[in-house]
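Counting from 2, one number per residue, gives the positions in the sequence shown under this note's numbering. For each residue, glycine too, the CB sits at the ideal point set by N, CA and C. Model, not experiment: these values are computed from the prediction. Worksheet for the structure shown next.
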Amino acid sequence: MSWTRVLASDALAADGRQVVKVGKRKILLLNHEGELYAVDNTCPHLKMPMKNGKITESGAILCPIHRSAFDLSTGEVQEWCPWPPGVGKVLSMISEQKKLPVFPVRVEEGSIWIDLQEE
Ligand code: FES
């Protein structure tokens with residue numbers, strides 16, 4: 002494990018989101034229903050930002066562009082590029098289906114820490 006301090010814990014509001022840069026990566030921190038998550042802010046489909054993606058009732062984050070759905074805890078693909086109807090199926094073939102990188106996250110000493118070694 003290689004923990005990196007990324008943000009003061011009080012800088013992320015309840016149900017808040019914030020993108021932090023760690024090296025070359027942009028990591029999206031989410032506080033969702035009291036749980037903290039750290040996911041790559043870059044959608045693996047066409048490298049678009051995930052920051053404004055909705056969270057579904059099944060615990061997935063949707064890419065705001067073509068609505069690929071990724072499990073918030075594991076990053077596994079639940080649905081690949083379904084939007085817009087009809088066109089999404091064609092767009093889905095542009096890029097190989099890949100999971101969204103997710104990272105272990107913890108709060109300690111008043112800060113949020115993530116581990117970039119585990120994806
Ligand atoms: S850019 Fe995210 S699903 Fe296409």
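- prompt: Does the beta-carbon distance from Ala14 to Ser112 come in below 9 Å?
  reply: The answer is no: Cβ separation not under 9 Å.
query: When you compare only the Cα positions, how much space is there between Gly89 and Glu110?
result: Computed Cα separation, rounded: 44 Å.
Contact between the region 20–40 and the region 89–98 (3+ Cβ pairs under 8 Å): Per the Cβ contact rule, the region 20–40 is not in contact with the region 89–98 (fewer than 3 Cβ pairs under 8 Å).
message: Here's the rule I'm using: 16 or more other beta-carbon atoms within 10 Å means buried, otherwise exposed. How should Ser3 be labelled?
response: Using a 10 angstroms sphere on the CB of Ser3, the tally of other CB atoms stays under 16, which defines it as exposed.
- prompt: Which partner residues of Val103 appear in the DSSP bridge assignment?
  reply: DSSP links Val103 through a beta bridge to Val40.
query: Helix, strand or coil for Lys90 per DSSP?
result: It is helical.
query: Lys52: which of Ser59, Ala39 and Gly60 sits nearest, CA to CA?
result: The residue from Ser59, Ala39 and Gly60 with its alpha-carbon nearest to that of Lys52 is Ala39.
Where the beta strand (DSSP E) through Lys27 begins and ends: From DSSP, the beta strand (DSSP E) with Lys27 extends over Arg26 to His33.
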